[in-house]
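Chains as they are written, first to last, in this note's numbering: chain A, 41 to 332; chain B, 41 to 332; chain C, 502 to 730; chain D, 502 to 730.
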Amino acid sequence: MFSGRCDLALDADPARRLLPWLVAMIVYLAGLSLAGMMSLGAAVERWDTGLKGTVTVQVPPGAARASGGAMEKLLPILRKTQGVIAARALGKAETAALLEPWLGKEALGADLPLPRLIDVTVGTDPGPDLKALAAALSAAVPGTMVDDHRKSLDRLIAFVRSVELVAMAIVILVALAAVVTVLFITRTGLAIHREGIELLHLMGAFDGYVAWQFQGQALALGLKGGAIGSVLTVVTVAALSYMAGAVGAGLLPRLDLGLTQWLVLAGVPLGVTAIAMITTHVTVLHALKRLP
Amino acid sequence: MFSGRCDLALDADPARRLLPWLVAMIVYLAGLSLAGMMSLGAAVERWDTGLKGTVTVQVPPGAARASGGAMEKLLPILRKTQGVIAARALGKAETAALLEPWLGKEALGADLPLPRLIDVTVGTDPGPDLKALAAALSAAVPGTMVDDHRKSLDRLIAFVRSVELVAMAIVILVALAAVVTVLFITRTGLAIHREGIELLHLMGAFDGYVAWQFQGQALALGLKGGAIGSVLTVVTVAALSYMAGAVGAGLLPRLDLGLTQWLVLAGVPLGVTAIAMITTHVTVLHALKRLP
Amino acid sequence: MVRFQNVGMRYGLGSEVLQDINFELPLGSFHFLSGASGAGKSSLLKLIYLAHRPSHGLITLFGCDVTIAKRRELALIRRRIGVVFQDFRLLGHLSVIENVALPLKIKGENWDRISAYAAELLAWVGLQDCIDASPLTLSGGQQQRVAIARAVISKPEILLADEPTGNVDDAIALRLLYLFEELNRHGTTVLIATHNENLMDRFDHPRLHLAGGELSGPFGGSSRPAETL
Amino acid sequence: MVRFQNVGMRYGLGSEVLQDINFELPLGSFHFLSGASGAGKSSLLKLIYLAHRPSHGLITLFGCDVTIAKRRELALIRRRIGVVFQDFRLLGHLSVIENVALPLKIKGENWDRISAYAAELLAWVGLQDCIDASPLTLSGGQQQRVAIARAVISKPEILLADEPTGNVDDAIALRLLYLFEELNRHGTTVLIATHNENLMDRFDHPRLHLAGGELSGPFGGSSRPAETL
Ligand SMILES: Nc1ncnc2c1ncn2[C@@H]1O[C@H](COP(=O)(O)OP(=O)(O)OP(=O)(O)O)[C@@H](O)[C@H]1O
Ligand SMILES: Nc1ncnc2c1ncn2[C@@H]1O[C@H](COP(=O)(O)OP(=O)(O)OP(=O)(O)O)[C@@H](O)[C@H]1O
Ligand SMILES: [Mg+2]
Ligand SMILES: [Mg+2]
Chain A
41 MFSGRCDLAL DADPARRLLP WLVAMIVYLA GLSLAGMMSL GAAVERWDTG
91 LKGTVTVQVP PGAARASGGA MEKLLPILRK TQGVIAARAL GKAETAALLE
141 PWLGKEALGA DLPLPRLIDV TVGTDPGPDL KALAAALSAA VPGTMVDDHR
191 KSLDRLIAFV RSVELVAMAI VILVALAAVV TVLFITRTGL AIHREGIELL
241 HLMGAFDGYV AWQFQGQALA LGLKGGAIGS VLTVVTVAAL SYMAGAVGAG
291 LLPRLDLGLT QWLVLAGVPL GVTAIAMITT HVTVLHALKR LP
Chain B
41 MFSGRCDLAL DADPARRLLP WLVAMIVYLA GLSLAGMMSL GAAVERWDTG
91 LKGTVTVQVP PGAARASGGA MEKLLPILRK TQGVIAARAL GKAETAALLE
141 PWLGKEALGA DLPLPRLIDV TVGTDPGPDL KALAAALSAA VPGTMVDDHR
191 KSLDRLIAFV RSVELVAMAI VILVALAAVV TVLFITRTGL AIHREGIELL
241 HLMGAFDGYV AWQFQGQALA LGLKGGAIGS VLTVVTVAAL SYMAGAVGAG
291 LLPRLDLGLT QWLVLAGVPL GVTAIAMITT HVTVLHALKR LP
Chain C
502 MVRFQNVGMR YGLGSEVLQD INFELPLGSF HFLSGASGAG KSSLLKLIYL
552 AHRPSHGLIT LFGCDVTIAK RRELALIRRR IGVVFQDFRL LGHLSVIENV
602 ALPLKIKGEN WDRISAYAAE LLAWVGLQDC IDASPLTLSG GQQQRVAIAR
652 AVISKPEILL ADEPTGNVDD AIALRLLYLF EELNRHGTTV LIATHNENLM
702 DRFDHPRLHL AGGELSGPFG GSSRPAETL
Chain D
502 MVRFQNVGMR YGLGSEVLQD INFELPLGSF HFLSGASGAG KSSLLKLIYL
552 AHRPSHGLIT LFGCDVTIAK RRELALIRRR IGVVFQDFRL LGHLSVIENV
602 ALPLKIKGEN WDRISAYAAE LLAWVGLQDC IDASPLTLSG GQQQRVAIAR
652 AVISKPEILL ADEPTGNVDD AIALRLLYLF EELNRHGTTV LIATHNENLM
702 DRFDHPRLHL AGGELSGPFG GSSRPAETL
């Protein structure tokens with residue numbers, strides 16, 4: 041006959057049926073932002089480490105022709121340089137493959153003269169002194185350039201990092217929204233049930249007894265809304281991931297998340313629920329302390 | 041002594057102080073998504089129309105050398121073709137500038153042979169038959185290629201469009217959240233003030249008199265929250281716009297919005313307010329109709 | 502003024518609380534309504550102040566059949582009826598004088614014209630010191646008097662009072678009834694539901710009695726009983 | 502049982518509603534508390550059931566000084582006091598029997614042990630038919646009786662009743678007072694605030710009278726007046 045411990049019928053309120061959906065939307069937005077942030081972060085990470093270890097030495101076609109055996113002059117210099125782990129001249133086919141995205145297959149099929157490229161693997165700690173290396177190499181073969189790929193990507197990475205910052209701001213904002221929403225719900229509950237709370241208090245109920253009624257509701261709410269929001273998030277992320285994969289645009293970050301990142305995503309609803317519980321607990325006890 | 045028409049003290053509720061912030065966050069998220077969506081859309085649009093009207097004819101350096109006076113053979117063919125509005129051979133400097141991002145300044149400074157390019161402006165309705173054109177051109181100068189830029193960008197545009205879809209989904213979702221929040225607030229208000237509403241009704245108040253008390257509050261709430269949210273949105277978009285500009289990454293969509301788009305953004309808080317008003321009106325009148 | 506013909510009433514799907522009620526309150530009459538706790542006194546009043554609809558029968562107010570009246574007409578009829586609710590129903594966030602003035606405000610009257618009269622009325626019921634307080638800070642008896650002042654401020658043509666003296670002592674109860682008689686002399690039709698035998702004994706007004714869902718008593722006071730209509 | 506020494510009370514920053522109250526209710530006493538509307542009867546009861554703190558003076562309940570008692574001790578003291586509130590304070594979303602059983606539930610007692618007793622008590626106050634209804638669907642007098650049943654169900658050591666018969670007729674009022682006397686015979690200390698002179702006249706219990714914020718009357722019933730302590 042007594043339905044659990046709910047003397048206050050917090051769930052009888054018709055408005056309350058809407059609440060899980062509000063929570064679900066908060067979880068969804070937070071989850072999506074987090075997923076975007078993490079996949080951007082992962083992409084940047086990939087570019088970063090992918091580039092850190094390699095340097096490309098480029099000999100323009102004219103320069104290569106002018107000084108016969110450019111490779112033979114350059115490779116020994118490279119191998120002697122401190123911090124260089126390996127240096128390998130690329131064949132014509134490899135070079136063509138690398139340039140294809142820029143110049144088009146047909147252009148390469150024609151008799152476009154290709155530069156000669158050397159793929160250099162460098163240690164990172166300590167790395168080679170690239171300026172000195174570049175000077176040494178162009179002294180040996182005039183026109184030789186050292187490209188550590190950084191300049192061209194640093195700008196991109198800076199932009200992506202700023203987008204990441206925005207995503208993080210959104211996550212924080214959404215967490216804030218969760219707190220504000222829970223605060224609002226709890227305070228509204230307190231206002232609606234002020235008389236009931238006072239009555240329980242006057243009958244000798246302990247503070248914990250009253251607080252638990254609100255907290256239990258917050259728990260149920262958080263879990264229900266969190267579950268809905270999580271499902272939506274997973275479906276969306278998976279769909280985006282699939283779409284990005286189908287498009288196959290190597291340029292763009294793919295939404296592929298690791299196990300840790302899926303775990304972080306799973307933490308969102310739990311986090312929201314925890315926020316809900318703690319906010320509720322603090323608010324209710326604060327209000328109860330005002331009663332004599 | 042009477043403070044306006046508020047017999048129900050809807051604003052006396054302490055929880056209500058939180059509400060403008062909730063609305064502000066909704067407006068902010070919606071505004072940000074909308075801004076992102078619109079700037080992506082604008083970028084795609086730019087790429088699209090930028091590309092639609094132009095076709096580049098490329099003569100590989102070898103082919104140009106082989107058949108002397110390639111330009112003199114190709115230009116007349118182009119100008120005769122139906123749908124071609126103008127055709128202009130690019131000079132060496134122009135070609136170098138175009139290729140610079142791909143090959144680097146130093147490479148161009150060296151004696152890399154450059155392809156010859158013709159910039160063709162085409163009508164779109166009807167456009168020229170590009171396949172036939174390509175055949176005719178490569179018959180005249182073997183190796184000549186016609187590039188309508190589409191293939192390389194279509195994939196990117198497809199991806200950007202799907203991101204746009206997600207942003208639109210978020211805007212819709214956030215609008216939904218606004219409706220749910222307002223519904224929740226209104227119904228909670230109805231629950232808290234049920235007795236007051238019934239009293240006013242029994243004293244002979246018209247439905248509109250009661251509904252207006254809730255609506256007026258929704259109006260105030262929407263405008264206040266909307267104002268806060270709008271300011272946040274504008275500041276963020278401006279900051280992002282500045283950052284993107286500073287980075288200057290031509291590859292990435294810039295957050296530069298036109299007047300129309302700023303107007304659309306300004307519409308977000310008004311839209312949220314309107315949603316709030318209408319939801320409130322419908323909910324309150326629905327509840328009132330139940331009273332005899 | 503008020504006429505019930507074969508009126509029955511039930512809450513939801515429950516059994517009939519009132520069965521076959523027939524009576525008429527002529528213009529300017531003054532009746533007591535008695536009956537045991539739960540007999541249906543408040544329910545009968547609810548039918549008159551249009552808070553509930555009859556399950557069958559005909560209710561005529563001011564010559565208007567309320568079952569076919571439009572929503573807006575019903576609101577206008579409600580404005581001509583003053584009610585003292587058994588549970589007061591004061592709005593806690595308004596001051597006492599704002600509560601009292603509410604019926605006039607709903608009619609759209611100007612605050613300045615209202616306030617002096619409201620203050621005078623509050624002085625009459627002995628609450629001159631509480632004008633700007635919140636009803637929540639008043640004692641039970643004080644709240645009841647605020648409820649009464651609110652019911653009479655718009656000089657209603659019908660005054661319904663549900664146990665209006667349950668929380669005040671006999672001296673104040675007498676004073677309140679004098680107020681009702683004063684209104685009655687100015688033409689207001691009065692119906693007071695009460696348990697207070699003592700009080701009814703002190704006044705020479707006809708009593709309607711509710712028992713078993715049926716109404717008995719000298720209907721109509723100075724007029725013919727409703728049955729013969 | 503209950504002892505007030507030089508107790509004063511005010512609401513917020515207002516003037517003192519009660520000044521220098523001295524009295525003692527010995528174990529097993531039965532008192533009426535009278536006074537005009539607004540005299541401070543409910544306020545005095547609030548001090549005893551610990552809903553309000555005195556602005557000065559010493560209140561001792563069950564031999565415990567309430568100003569220095571810990572929060573948890575206060576809760577435990579409250580469980581030994583049954584209160585009939587002037588405005589009932591029933592919870593509308595619980596059924597009548599759940600409302601009545603609430604004090605026992607808060608103490609952590611088992612529902613099966615509670616329910617039979619609650620039903621018996623409701624039958625005693627004449628509400629056997631309303632056990633599973635919501636209090637919102639009850640008449641004023643029925644609600645008042647539910648409030649009384651709730652106050653007595655935990656067999657409190659002190660019973661405080663604020664105007665417990667304002668909404669019922671004299672027959673039921675008598676019956677309710679017999680219930681209080683029955684409890685009193687079993688050792689409960691009873692204090693009833695009421696305006697009903699008639700009712701007080703029918704019972705031979707000492708009356709405390711509040712006027713101008715001061716208390717007068719034959720303190721302590723069968724015991725010494727508090728002043729001489
Ligand atoms: N809202 C309601 N829903 C269902 N039943 C109700 C409702 N209000 C009253 N009742 C029932 O109708 C009957 C008559 O109630 P009513 O309030 O009219 O009695 P009353 O004569 O005013 O009694 P009292 O003197 O105690 O106020 C009671 O049995 C009560 O339980
Ligand atoms: N919560 C409150 N805040 C401020 N003042 C209050 C509050 N409650 C009561 N008062 C004031 O204290 C005084 C005593 O009120 P109290 O309720 O104790 O009177 P009472 O003797 O119970 O009267 P009644 O018989 O009408 O119930 C009144 O003047 C009232 O206005
Ligand atoms: Mg009644
Ligand atoms: Mg009182």
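For every residue, glycine included, the Cβ atom is placed at its ideal position computed from N, Cα and C.
Inter-residue CB distance, residue i and residue j (contact presumed, cutoff 8 Å)
| i | j | result |
| --- | --- | --- |
| Leu-678 (chain D) | Ala-540 (chain D) | Not really, about 22 Å apart at Cβ, beyond 8 Å. |
| Thr-695 (chain D) | Thr-666 (chain D) | 7 Å |
| Thr-161 (chain A) | Ile-117 (chain A) | At roughly 15 Å, the Cβ-Cβ gap does not stay under 8 Å, so Thr-161 (chain A) and Ile-117 (chain A) are not in contact. |
| Ala-672 (chain C) | Leu-700 (chain C) | Contact flag wrong, Cβ pair sits at about 12 Å. |
| Leu-177 (chain B) | Val-97 (chain B) | 6 Å |
| Glu-682 (chain C) | Arg-581 (chain C) | That belief does not hold up - the Cβ atoms of Glu-682 (chain C) and Arg-581 (chain C) are roughly 20 Å apart, past 8 Å. |
Whether residue i touches residue j by CB criterion (8 Å)
| i | j | result |
| --- | --- | --- |
| Ser-135 (chain A) | Leu-157 (chain A) | Just to set this straight, residue 135 (chain A) is Thr in the shown sequence, not Ser. Result yes, Cβ atoms of Thr-135 (chain A) and Leu-157 (chain A) sit closer than 8 Å. |
| Asn-685 (chain C) | Phe-524 (chain C) | no |
| Arg-651 (chain C) | Val-626 (chain C) | no |
| Pro-789 (chain C) | Ile-654 (chain C) | The first residue shown for chain C is 502 and the last is 730, placing residue 789 (chain C) beyond what the model contains. |
| Gly-269 (chain B) | Val-67 (chain B) | yes |
| Phe-563 (chain C) | Met-502 (chain C) | yes |
| Tyr-249 (chain B) | Ile-607 (chain C) | yes |
| Ala-180 (chain B) | Lys-120 (chain B) | no |
| Phe-589 (chain C) | Ala-662 (chain C) | no |
| Val-274 (chain A) | Val-186 (chain A) | no |
| Ser-556 (chain C) | Gly-642 (chain D) | no |
| Arg-554 (chain C) | Pro-332 (chain B) | yes |
| Leu-519 (chain C) | Leu-545 (chain C) | yes |
| Thr-300 (chain A) | Thr-226 (chain A) | no |
| Gly-583 (chain D) | Leu-692 (chain D) | no |
| Val-508 (chain D) | Leu-551 (chain D) | no |
| Ala-217 (chain B) | Leu-303 (chain A) | no |
| Ala-70 (chain A) | Val-308 (chain A) | yes |
| Leu-680 (chain C) | Leu-534 (chain C) | no |
Are there three or more Cβ pairs, one per stretch, closer than 8 Å when the stretch 258-271 of chain A is compared with the stretch 595-603 of chain D? no
How would the residue list near ligand 4 read, in chain order, if you kept each one whose beta-carbon is closer than 6 Å to any heavy atom? Those residues, listed in chain order, are C:Ser-640, C:Gly-641, D:Lys-542, D:Ser-543, D:Gln-587 and D:Asp-663.
Quick check: the stretch 559-575 of chain D against the stretch 206-226 of chain A, are at least 3 beta-carbon pairs closer than 8 Å? no
Any chance you could list the alpha helix (DSSP H) runs of at least 4 consecutive residues sitting entirely within the stretch 549-574 of chain D, in chain order? none
Given 8 Å, three or more beta-carbon pairs between the stretch 549-567 of chain C and the stretch 511-520 of chain D: Output reads no: the stretch 511-520 of chain D does not touch the stretch 549-567 of chain C.
For the pair the stretch 231-248 of chain A and the stretch 307-321 of chain A, tell me if three or more CB-CB distances fall below 8 Å. no
Quick one: which unbroken alpha helix (DSSP H) runs of 4-plus residues sit fully inside the stretch 596-676 of chain D? Chain order, please. 597-607, 612-625 and 641-653
What ranges does the alpha helix (DSSP H) occupy inside the stretch 229-271 of chain B, keeping only unbroken runs of at least 4 residues that lie completely in it? 234-242
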